[in-house]
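Numbering (this note's numbering), first residue to last: 22 to 140.
Quick notes on the structure that follows.
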C-alpha cells in the first residue's frame with residue numbers, strides 16, 4: 022500500500038481536506054486514525070497514515086477512502102475539494118474576423134532535402 026500515499030506536486034488539481042475534517046471530528050493527531058482504520062479492516066502503518074493525513078495522495082484505494090468517510094461520518098466531497106475548471110477560451114463566431122495572432126494556419130512545412138547514399 023506504499024504507493025497509495027504518493028504525494029502530488031504543489032500544483033495539485035485537488036485539495037485534500039482530511040486534516041480539516043479530522044479536526045472537525047475532534048481528531049487532532051494522525052495516530053488517532055490508526056485504530057479506527059483497523060476496525061474498518063484497513064491495515065496501514067503509522068507512517069502511511071501520517072502521509073495520508075499530511076499530504077495529498079496521488080492515488081487512494083477506494084476501500085481506504087470509504088473507511089475514512091465512515092470513520093469521519095462525511096461524504097467523499099468533504100475530503101476532496103475540486104476547484105472549478107479553468108475558463109475555456111472564448112469561441113470565435115463564424116462571421117467574426119480572425120485575430121492577427123500566429124495560429125496553425127500560418128505555419129508552413131519545411132521542404133525536405135533528400136540525400137542519396139552515393140552523393
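Ideal Cβ placement from N, Cα and C applies to all residues, glycine included.
Q. How far does the alpha helix (DSSP H) with residue 73 in it reach, from first residue to last?
A. 67-75
Q: Please list, in chain order, all residues of the same chain as residue 99 whose beta carbon is under 7 Å from its beta carbon, the five residues on each side excluded.
A: 38, 42
Q) DSSP state of residue 56, grouped into three classes? A) helix
Q. Name the DSSP beta bridge partners of residue 36, please?
A. 102
Q) Hey, out of 75, 46, 62, 56, whose CA is closest to residue 142's CA? A) The first residue shown for the chain is 22 and the last is 140, placing residue 142 beyond what the model contains.
Q | residue 70 burial status per 10 Å Cβ neighbour count (16 or more: buried) | A | buried
Q | Alpha-carbon spacing of residue 136 relative to residue 125, whole angstroms | A | 29 Å
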